[in-house]
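Mind the numbering: the sequence shown is residues 75 to 152 in the numbering used here, read in order.
Idealized CB from N, CA, C, for every residue including glycine.
Here the structure comes first, spelled out in structure tokens, and everything after it is commentary.
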Amino acid sequence: FSVAHICRDVNYGWLMRNIHANGASFFFICIFLHIGRGLYYGSYMFKETWNIGVILLFLVMATAFVGYVLPWGQYSFW
């Protein structure tokens, strides 16, 4: 199945595509706001907690990258 098939032939496929894309962007906005809050309140002083958070951020970003790039071998918005 392709994205074109989902958008054309599945009921509200276009809506699923848009919600998924916007939801993923909103998820990362929330992550960056969370990091900003941590910087503002100085929670980087807790080294172990901060390092675990950085590792989780990299894992989330790597997962998003692999899910976005690998299926097509290039950058693609579906």
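Inset, instruction - Could you give the DSSP three-state label for L144: helix, strand or coil? - result: Residue 144 sits at position 70 when you count from the first residue of the sequence shown. L144: coil per DSSP, three-state reduction.
Legend entry - Segment contact, 8 Å Cβ cut-off, at least three pairs: the segment 98-115 with the segment 126-145: yes
Inset, instruction - Consult DSSP for V84 and reduce its assignment to one of helix, strand or coil. - result: Position 10 of the sequence shown, counted from the first residue, corresponds to residue 84. In the structure shown, V84 sits in coil (DSSP, three-state: anything other than H, G, I, E or B).
Inset, instruction - Can you tell me which of R82, L131, C81, I80 puts its alpha carbon nearest to the alpha carbon of L107? - result: As a working note, residue 107 is residue 33 in the sequence shown. For the residues R82, L131, C81, I80, the minimum Cα distance to L107 belongs to L131.
Legend entry - Inter-residue spacing [alpha-carbon to alpha-carbon] between F139 and A98: What you label residue 139 is simply residue 65 of the sequence shown in a count that begins at 1. What you label residue 98 is simply residue 24 of the sequence shown in a count that begins at 1. Rounded to the nearest angstrom, the two C-alpha atoms are 12 Å apart.
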